[in-house]
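Chemist:
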Amino acid sequence: MREAWLYRSIVFGLTSAFIGAISKLTFVDIDLFHEMALFREALNNGSMPQNDVFSYIPTVNPVVHHEWGTGAILYWITVKSGLGATGLMVLKYLLSLSVAWGCYAFAIRNGASRYVFSLLAFFGIGLGWIGFTTIRAQLFTLLFLTILLFLVEEDRKGSRRFYLLWLPLYVIWLNVHGGFLAGFGLFVLYVMERLLFGLLDRKPFREVITVNRRLIAVLVAMCLLLLINPYGLDYVPYLWNAVALSRSPLILEWGPLYHSTDVLLVFCGCLVVVLYAMSQKKLRDMPGLLLLAATAWVSFWHYRHLTLFAIVWMCYAPVYVGRTKLGYLIERTWTNQPKVVFALFMTVGFLGIFYASWNQFWNLRIPSTIDQAQAGEPIYPVGAVRYLHDQNFSGNMMTPFEAGAYVSWKLYPRVKVSMDSRFEVAYPIESVKDNIRFYQAGDNWQDMLERYHTDAILAPRSSKIKAILNLSNGRTGGSGGIWRTVYLDDTFSIHLRSEVAGQYPFIDMRGKPIFDSFP
């Protein structure tokens with residue numbers, strides 16, 4: 043069998059497997075709506091808002107939105123261009139495939155065997171697929187991270203002009219997603235690695251600094267370029283507070299990796315591969331090991347960062363395994379059994395296509411009922427928002443964390459929300475906890491209604507507050523008032539204060555189909 047056909051089968055199999063793995067992630071990410079709503083408001087005002095405009099409860103001041111650039115990109119591609127859902131899905135797969143191709147190209151350029159990469163890629167896909175949602179700002183971070191690794195290795199090989207490309211990209215990155223800090227941190231580690239190796243070679247400290255002065259200058263420039271953003275110096279304290287904030291008690295994806303046994307096993311398998319390579323090679327022959335160790339550490343403690351580790355691992359691990367006994371074994375097996383390997387990857391490819399097609403990987407989804415959403419996916423109050431829009435409702439509405447941004451995108455400025463998924467960007471941590479306590483009907487849950495003038499309550503069917511309002515006939519106790527249900531569907535209900543509820547018709551959409559189009 044010709045070697046070219048074997049390579050093509052590998053590319054086909056891996057590409058299809060990757061698309062199949064991320065094909066379930068066709069639901070609109072909850073953060074997309076507040077990102078686009080912010081940029082729409084910036085266009086309307088002629089400048090980026092420095093104070094919050096979407097919530098009626100007290101917010102932080104100023105509101106520094108580190109994902110504003112993502113909102114700008116998504117708004118132009120989906121709204122201004124008129125491409126809508128099609129534009130969003132095309133962008134999603136262009137970014138995703140660029141990241142995947144970048145990992146492959148990096149590994150091959152730095153000496154990895156295609157055969158070794160083809161086997162290890164399944165571990166990388168198994169770890170990293172969860173980060174390719176539609177579309178999270180983190181997806182841009184994955185692309186920029188891949189580019190950074192390329193440029194770092196070009197510098198290691200002697201290129202002296204990598205910074206001419208890197209610094210402009212860095213400015214874009216820091217305006218698109220706060221994840222640029224990962225790139226900043228990894229670049230710091232790269233500089234430290236270069237300095238350490240110089241000292242280990244017993245070179246004088248002054249000489250080590252002189253040789254690496256270009257890298258140090260780039261690092262200083264990166265610190266100064268941080269100020270090129272719509273918020274100026276305010277971006278710095280925001281980043282400090284965001285990094286120091288503990289999110290794991292409130293948001294599952296910020297929890298430690300050991301909460302997911304299956305993922306932890308794959309993660310440990312990836313570490314075993316690296317440890318094996320370390321036992322076979324000198325550490326000096328494993329560039330990027332410090333970067334890999336750092337991403338492994340943060341990933342272990344925060345599931346959210348696992349995709350960062352997957353990208354770094356996919357770039358470096360195939361390079362490490364090359365020229366080891368395991369690497370030679372993989373190459374020999376692939377070379378001696380080309381027909382088997384060809385059949386294997388063609389089978390994987392067709393299975394990936396079938397699975398992706400079954401998931402309708404091209405179809406953007408806005409789940410509005412439990413039946414439309416798969417496990418772990420957000421459910422949007424499509425019917426409830428449509429009701430408020432049709433009734434020309436205007437006022438303040440209590441909203442859960444996951445639904446607030448969608449409400450703002452559809453109903454602002456007529457409706458302001460109590461909470462959305464911006465989290466520390468806009469809200470003090472106590473406000474987030476209060477909102478959670480309200481929907482869980484925790485102690486003194488009426489406080490939210492008494493402290494802030496609330497005209498409506500958006501209640502998920504599964505929330506305890508919904509059950510409380512039903513059992514108490516809308517009576518909240520204290521000065522919270524009496525609430526009447528004006529809208530019902532299979533997932534959400536709307537409750538208005540009794541003194542105004544009579545102005546609105548009662549509509550029951552239970553058992554009826556509810557769909558929405560994007561944007």
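So the sequence shown is residues 43 to 561, counted in the working numbering.
Quick reminder that beta carbons are idealized off the backbone N, C-alpha and C, glycines included.
Quantities reported herein were computed from a predicted structural model and do not represent experimental measurements.
1) Determine, using beta carbons only, whether W457 and D558 come nearer to each other than 8 Å.
2) Is there contact between the region 48 to 68 and the region 377 to 385, where contact requires at least three CB pairs shorter than 8 Å?
3) Can you determine whether any heavy atom of the ligand MG sits closer than 7 Å to the C-beta of S504, and answer yes or no?
4) Over what stretch of residues does the beta strand (DSSP E) that includes W525 continue unbroken?
5) Quick one: measure Cβ to Cβ for K506 and A483, integer angstroms, because I've assumed they're closer than 8 Å.
6) In terms of alpha-carbon separation, which member of A336, Y362 and L294 lies closest to L325?
7) Can you tell me the Cβ-Cβ gap for A426 and Y529, rounded? I've got them flagged as a contact below 8 Å.
8) Return helix, strand or coil for M461, following the three-state DSSP convention.
9) Excluding the 5 residues flanking I510 on each side, which residues of the same chain have their C-beta closer than 6 Å to its C-beta?
10) Runs of 3 residues minimum, wholly inside the region 252 to 338: which ones carry the beta strand (DSSP E) assignment?
11) What does DSSP give as the partner residue(s) for S535 in the beta ladder?
12) Measure from the C-beta of F480 to each C-beta in chain C and report whether the shortest distance is under 8 Å.
13) If you reduce the DSSP assignment to three classes, tell me which class M551 lands in.
14) Are P360 and A149 closer than 8 Å when you measure CB to CB?
15) Are the region 279 to 293 and the region 220 to 231 touching, with three or more C-beta to C-beta distances below 8 Å?
16) Let me check understanding here. Comparing Cα to Cα, which of E235, A319, D485 and A468 lies closest to L332?
17) With distance defined between alpha-carbon atoms, name the residue in V141, W143, A142 and I119 nearest to V132.
18) From the DSSP output, which residues share a beta bridge with S97?
19) Indicate the three-state DSSP secondary structure (helix, strand or coil) for V183 in the structure shown.
20) Pairs of beta-carbons, one from the region 239 to 255 and one from the region 136 to 143, closer than 8 Å: are there three or more?
21) Excluding the 5 residues flanking P104 on each side, which residues of the same chain have their C-beta closer than 7 Å to its C-beta?
22) Might you give, ordered along the chain, the residues of its own chain that have their beta carbon closer than 6 Å to the beta carbon of I395, omitting 5 neighbours on each side?
23) Who are V70's beta bridge partners in DSSP?
24) H347: buried (16+ other C-beta within 10 angstroms of its C-beta) or exposed?
25) Count the other CB atoms within 10 Å of the CB of R44; is the residue buried (16 or more) or exposed (fewer)?
26) Take P298 and list the residues in its own chain whose beta-carbon comes closer than 8 Å to its own, dropping the five residues that flank it on each side.
27) For the beta strand (DSSP E) that contains G220, what are its first and last residues?
28) Determine whether the beta carbon atoms of F534 and L130 lie at a separation below 8 Å.
29) In the structure shown, what three-state DSSP assignment does R82 receive?
30) For a minimum of 4 consecutive residues, which ranges assigned as the alpha helix (DSSP H) are wholly contained in the region 339 to 374?
31) CB-CB under 7 Å to R198, same chain, minus the five flanking residues each way: which ones, in chain order?
32) Is the distance from the Cβ of A224 to the Cβ of L334 below 8 Å?
33) Buried or exposed for Y300, please, with buried defined as at least 16 other CB atoms from any protein chain shown within 10 angstroms of its CB.
34) From the DSSP output, which residues share a beta bridge with M440?
35) So, with DSSP's three-state summary, where would you put R44?
36) By a C-beta neighbour count over all protein chains shown, 10 Å radius and 16 as the cutoff for buried, is I556 buried or exposed?
Modeler: Reading from the atomic positions:
1) Numbered from its first residue, the sequence shown carries residue 457 at position 415. Numbered from its first residue, the sequence shown carries residue 558 at position 516. This sequence places Val at residue 457; Trp is not what is there. Going by C-beta atoms, V457 is not nearer than 8 Å to D558.
2) yes
3) This structure does not include the ligand MG; it has no bound ligands of any sort.
4) Stepping through the sequence shown from its first residue, residue 525 is reached at position 483. Residues W525 to L530.
5) Along the sequence shown, read from residue 1 onward, the residue named residue 506 stands at position 464. Along the sequence shown, read from residue 1 onward, the residue named residue 483 stands at position 441. With a Cβ gap of about 4 Å, K506 and A483 count as contacting.
6) Within the sequence shown, the letter at position 283 stands for residue 325. Measuring from the Cα of L325, the nearest candidate turns out to be Y362.
7) Indexing the sequence shown from 1 puts residue 426 at position 384. Indexing the sequence shown from 1 puts residue 529 at position 487. About 6 Å separates the two Cβ atoms, so the contact holds.
8) If you number the sequence shown from 1, residue 461 lands on position 419. Three-state result, M461: coil.
9) Walking along the sequence shown from the start, residue 510 turns up at place 468. Closer than 6 Å at the Cβ level, and outside the excluded window around I510, lie A483.
10) none
11) Numbered from 1 along the sequence shown, position 493 holds the residue referred to as residue 535. S535 is bridged to A501 and L530.
12) In the displayed structure, chain C is absent; only one protein chain is listed.
13) The residue labelled residue 551 in the question sits at position 509 within the sequence shown. DSSP places M551 in coil when its eight states are reduced to three.
14) Reading the sequence shown from its first residue, position 318 is the one you call residue 360. Reading the sequence shown from its first residue, position 107 is the one you call residue 149. A contact, by the Cβ cut-off of 8 Å.
15) yes
16) Numbered from its first residue, the sequence shown carries residue 332 at position 290. The residue with the shortest Cα to Cα distance from L332 is E235.
17) The residue given as residue 132 occupies position 90 in the sequence shown. Among V141, W143, A142 and I119, the Cα nearest to that of V132 is on I119.
18) As a working mapping, residue 97 is identified with position 55 in the sequence shown. Answer by DSSP bridge pairing, in chain order: V459.
19) By one-based count along the sequence shown, residue 183 stands at place 141. A small correction: the amino acid at residue 183 is Thr; Val does not occupy that position in the sequence shown. Looking at T183 - three-state DSSP - the assignment turns out to be helix.
20) no
21) Translated into positions along the sequence shown, residue 104 becomes position 62. Only Q92, N93, Y273 and D276 meet the Cβ criterion.
22) Counted from its first residue, the sequence shown places residue 395 at position 353. If we look at I395 and ignore the five residues flanking it on each side, its Cβ neighbours are S58.
23) Walking along the sequence shown from the start, residue 70 turns up at place 28. V70 is bridged to T176.
24) Here residue 347 refers to the residue found at position 305 of the sequence shown. So H347 counts as buried.
25) Walking along the sequence shown from the start, residue 44 turns up at place 2. Exposed.
26) Within the sequence shown, the letter at position 256 stands for residue 298. Within the same chain, P298 has close Cβ partners S290, F342, W343, H344 and Y345.
27) Taking the first residue of the sequence shown as 1, we reach residue 220 at position 178. Per DSSP, G220 belongs to no beta strand (DSSP E) and is neither H nor E.
28) Your numbering for residue 534 matches position 492 in the sequence shown. Your numbering for residue 130 matches position 88 in the sequence shown. Contact: no.
29) As a working note, residue 82 is residue 40 in the sequence shown. Helix at R82.
30) 348 to 363
31) Start at 1 with the first residue of the sequence shown, and residue 198 comes out as number 156. P329, listed in sequence order.
32) In the sequence shown, counting from the first residue as 1, residue 224 sits at position 182. In the sequence shown, counting from the first residue as 1, residue 334 sits at position 292. In this structure, L334 does not lie closer than 8 Å to A224 by Cβ.
33) Taking the first residue of the sequence shown as 1, we reach residue 300 at position 258. So Y300 counts as exposed.
34) In the sequence shown, the residue the question calls residue 440 occupies position 398. In DSSP, M440 forms a bridge with I499.
35) Taking the first residue of the sequence shown as 1, we reach residue 44 at position 2. Three-state result, R44: coil.
36) Taking the sequence shown and counting its residues from 1, one reaches residue 556 at position 514. Counting Cβ neighbours within 10 Å, I556 comes out buried, since at least 16 surround it.
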